[in-house]
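In short: position in the sequence shown from 1, add 4, done, that's this note's numbering.
All residues carry an ideal CB built from backbone N, CA and C; glycine is no exception.
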Amino acid sequence: MKYLNPRIRYRRRCAKRFLLQHGDFDKKLMDIFDEIDNKGSWEGFMIFDEKIVEYLLNDEGYNDLEFKAKDLYEAWNTL
5 MKYLNPRIRY RRRCAKRFLL QHGDFDKKLM DIFDEIDNKG SWEGFMIFDE
55 KIVEYLLNDE GYNDLEFKAK DLYEAWNTL
């Protein structure tokens, strides 16, 4: 999805770069997605959305990033 807003495009590029550089985080997202899909929940979360991504970013200590959890969630869905 292409956005006209350059800030949004920049944040999405940063999010994609983060996923490519942090394969372990990408794998963790996939494992959680599979668990929710198969078992119906993961640590109290019933659906896989940007709230889970935000929770994991905070849990892993990624607080000063150039993108938002929503950007990372959408980038992960498009890769």
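- Following the continuous alpha helix (DSSP H) through D53, name the residue where it begins and the one where it ends. No alpha helix (DSSP H) contains D53, which DSSP labels as neither H nor E.
- Message: Rounding to the nearest angstrom, what Cα-Cα distance links I12 and K74 in this structure?
- Response: 11 Å
- Which partner residues of W46 appear in the DSSP bridge assignment? F49
- Task: Whole angstroms is fine: what's the gap from I51's alpha carbon to Y77's?
- Result: 13 Å
- L23 and A79: beta carbons closer than 8 Å? yes
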